[in-house]
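Residue numbers (the UniProt record's numbering): 1 to 150.
Note that beta-carbon positions come from the ideal geometry of N, C-alpha and C, so glycine has one too.
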Amino acid sequence: MYLDHLQCAAAAKEGTFMSDTYTGVPSMIEVDLPVPVPVVDYDACPVSDTLRQIGDRWTVLLIALLGRRPYRFNELHRSIDGISQRMLTRTLRSLENEGLVERTVFPTAPPTVEYRMTPLGRSLLVPLSALADWAVTHGDEIRAARARAR
């Protein structure tokens, strides 16, 4: 069975804990997957794509900060220890290209640039918070498993 973009998106939406049709079965295991899963299907899946997007070093932190309020570029840069201006620019540009963050330039001298979450970006805060809550709840178990594996 070939999963096209629309099927993958529907599977990710229907039956999730955020939908009215939640059945108690996680949507990830409810959908039939071909075996083996074709790499083209995996690469085209919006779930995999989103996890790749937010899975880098700085994106989740930027989403958490911008989810609280808008920030100016330099204010964001000062708020994150260890991020270079170049990496901050690249990460913000990527979030802007995905439609999660909006960039506004104000006509001042020098120009002031402000970043804020879009409605689409704000909609990511609920599932991302659920993942964060899970990670905090199970952090000790994960660290213990890693220690045993070494």
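Assign residue i to buried or exposed, taking buried as 16 or more other Cβ atoms, counted over all protein chains shown, within 10 Å of its Cβ.
i      : result
Thr137 : exposed
Ser48  : exposed
Ser27  : buried
Leu62  : buried
Asp41  : buried
His5   : With a pLDDT of 45 at His5, under the threshold of 50, the predicted position of this residue should be treated as unreliable, though the coordinate-derived value follows. His5 comes out exposed.
Leu51  : exposed
Along the chain, where does the beta strand (DSSP E) containing residue i start, and where does it finish?
i      : result
Arg116 : 112 to 117
Taking C-alpha atoms, which residue in the options lies nearest to residue i?
i      : options                    : result
Phe73  : Arg150, Val60, Thr91       : Thr91
Glu98  : Gly121, Ile83, Ser79       : Gly121
Glu96  : Thr112, Arg116, Gln85      : Arg116
Leu66  : Leu88, Leu51, Val31        : Leu88
Ala64  : Leu124, Ile142, Val37      : Leu124
Ala132 : Val35, Ile29, Gly55, Ser79 : Gly55
Ser84  : Thr108, Arg57, Arg103      : Arg57
Provide the residue span of the alpha helix (DSSP H) that contains residue i, from first to last.
i      : result
Thr104 : No alpha helix (DSSP H) holds Thr104; the beta strand (DSSP E) holding it covers 101 to 106.
Ala109 : Taken as a continuous stretch (DSSP letters only), Ala109 belongs to no alpha helix (DSSP H), as it is neither H nor E.
Val37  : No alpha helix (DSSP H) contains Val37, which DSSP labels as neither H nor E.
Val25  : From DSSP, Val25 is part of no alpha helix (DSSP H); its letter is neither H nor E.
Asp81  : First-last for Asp81: undefined, no H or E at that position.
Asp56  : Here Asp56 belongs to no alpha helix (DSSP H), and DSSP marks it neither H nor E.
List the residues that DSSP assigns as beta-bridge partners of residue i.
i     : result
Arg90 : According to DSSP, Arg90 bridges with nothing at all.
Gln72 : In the sequence as displayed, the identity of residue 72 is Arg instead of Gln. Partner(s): Glu114.
Assuming the contact rule is C-beta atoms closer than 8 Å, residue i and residue j should be a hit. Round their C-beta distance to whole Å, please.
i      : j      : result
Thr118 : Val101 : 7 Å
Glu114 : Pro70  : 5 Å
Leu128 : Val39  : That belief does not hold up - the Cβ atoms of Leu128 and Val39 are roughly 26 Å apart, past 8 Å.
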